[in-house]
Structure formats: C-alpha cells, structure tokens
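Each remark here refers to the structure printed beneath this line.
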Amino acid sequence: MVTNNIRYIYNSNMGIEVIYCGNSTISYPLHNHVSVLTVGIVLDGHAALTVNGERKIYGKNQSFVIYPYMPHSILAHSCYTLLSICIDKNVASHEPANVIWNHVVSLLKSELYSEGIPSYQIMKLLTCLRLVLEQYALASCAGCRPGSSNSWINDLKKQLESCPENKLSVEEMAQTAFVSKYHFIRSFKAEVGLTPHQFQLQNRIRKAQRLMHTAGTITEVALATGFCDQSHFIRQFEKQVGLPPLTYKLSSKMI
C-alpha cells in the first residue's frame, strides 16, 4: 500500500480545487482557509478534525464543511483517505450552485475516477456540496458573511491576503492600527483564529502553491512570497501543505 498519495487539481478560471488524499498519514496544524469554502468526505479510515476548538472523529462516508476563516486542524491517528472540494468564497457567493456543481463534476470525471472511488461516495459528497452552496449563497445575500466589526482588522486581512509577501512585522501592523502590540495580537486572534504572524505565513504558502505552476524554480517562488531563506520556505511549505514544494508541484495540476 502506497501512503500519502495526494493529488491537487485546480481550475483557475472558476477558482475550484479538488484534493484527493489517499492513505494519508499527514497531520495539519491549526490554520484556516482564508478565502475558500471546503466540503469534504472521508472515503476510508478516520481522522480527527478540530474546528473552532471542537474536536470530532470523522469516519468512512462522513462529510464535513469548513467555512472561510474557520480555524481547524487535522490529526491523523492512522491512514485516512479524503476527497475535498475547495471553492473560492466569491464564486460560492455569486455563481449559481448548478454552475459550480457542473464544474466540480467535470473535474471529478476527468481526473479522479481513475482512483476507483465508489460512485455512491462521490454522489454523497456532491449532494452535500449542493446543499452547502445553496445555504452559503442565501447567507451571503442576507449579509451574513463572516467579517470583523473592527475595520482595521478587515483592512489588514485584505492586505495580508492580497500581498502576503510584504515584509510587515507585528509591531508595524500594530502601529498601523494605533494599538499596542499585545492588544493587537489578542484582538486579531480573537477575530481570525490565528495570530497575525500565522495568518501572514499561511497566506504566503497559499500564494506559493499557485506560483508553483508558473515559476521556474523553488528559489523564485520563495523570493516572490517573501522568504529570504529557501530552507525556511521549504520547512514552512511542508508544515502547511504536508508535502515538500517539489513533491507538491509533481502532485498538482492546473487547468
């Protein structure tokens, strides 16, 4: 049995990514999916998923939903197999559910049926996806999207999402918000679920994942995402993604 058979298929035009983790033994530290709505299903085995501080063991055929900005982690006690669909939050809010659903089906048909996933599990995931998309679109129309009441936190989140490579220290962030360093860290973590440094770091790695498809070398990706030390970049990439950069590049496909 081959462990950690992981594949990423990303539709750049629609902002949809399908992730298949086969026989994975990888645990993921606390993080959040900044601009992504995730719906997944455990195909085999079980994994401990902690969401917003609540821990639950998910077993075979159980589906889960992770909303944007929702802090979560995954702990692997043994091998597990997951199939996840990640959708850009703006696409989930504004595109019709049936359009998104059809693109997801197309990705699954063209790329993942070769893994021998039973059709009933795929249909269970797609049914959950349709329901979540409909609910998410309604919540967005009603103005219920997650956000902070602090304008400086919202502004900083947008800055760290769009340009995470910019070198901003915690002290500089706090000065911009005109608050003390420790008040800033506490307030940011209370709203986002991560410290400012954790949030900036994971956004750098997210950007690196996209650049991996177009950049010539890992060194170029590291520099473009604000890492001066390539070895530090590789360590952080593997910690966040579960794979070294080169392995990720070979395991992923952008269409």
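Offset between the sequence shown (1-based) and the working numbering: plus 179.
C-beta: ideal position from N, C-alpha, C; glycine also.
Taking residue 372 as the centre and dropping the five residues before and after it, the same chain places the C-beta of 209, 211, 231, 248, 249, 250 closer than 8 Å to its C-beta, in chain order.
The secondary-structure analysis by DSSP pairs residue 243 across a beta bridge with 219.
The C-alpha of residue 416 is placed about 6 Å away from the C-alpha of residue 384. Contact check for residue 216 and residue 276: beta-carbon distance about 12 Å, past the 8 Å limit, so the pair fails to qualify. Taken in chain order, the complete alpha helix (DSSP H) segments of 4 or more residues contained in the region 300–383 are 330–341, 349–356, 360–371. Beta-carbon to beta-carbon, residue 240 and residue 218 are separated by about 14 Å, too far to satisfy the 8 Å threshold. Boundaries of the alpha helix (DSSP H) harbouring residue 426: 424–430, taken from the DSSP string. If the five residues before and after residue 243 are omitted, its C-beta is found closer than 7 Å to the C-beta atoms of 219, 228, 237, all from its own chain and listed in chain order.
Nearest neighbour of residue 413 by Cα position, chosen from 430, 392, 387, turns out to be 387. Nearest C-alpha to residue 306 among 391, 207, 403, 281: 281.
Per DSSP, reduced to three states, the secondary structure at residue 256 is coil, with no helix or strand assignment.
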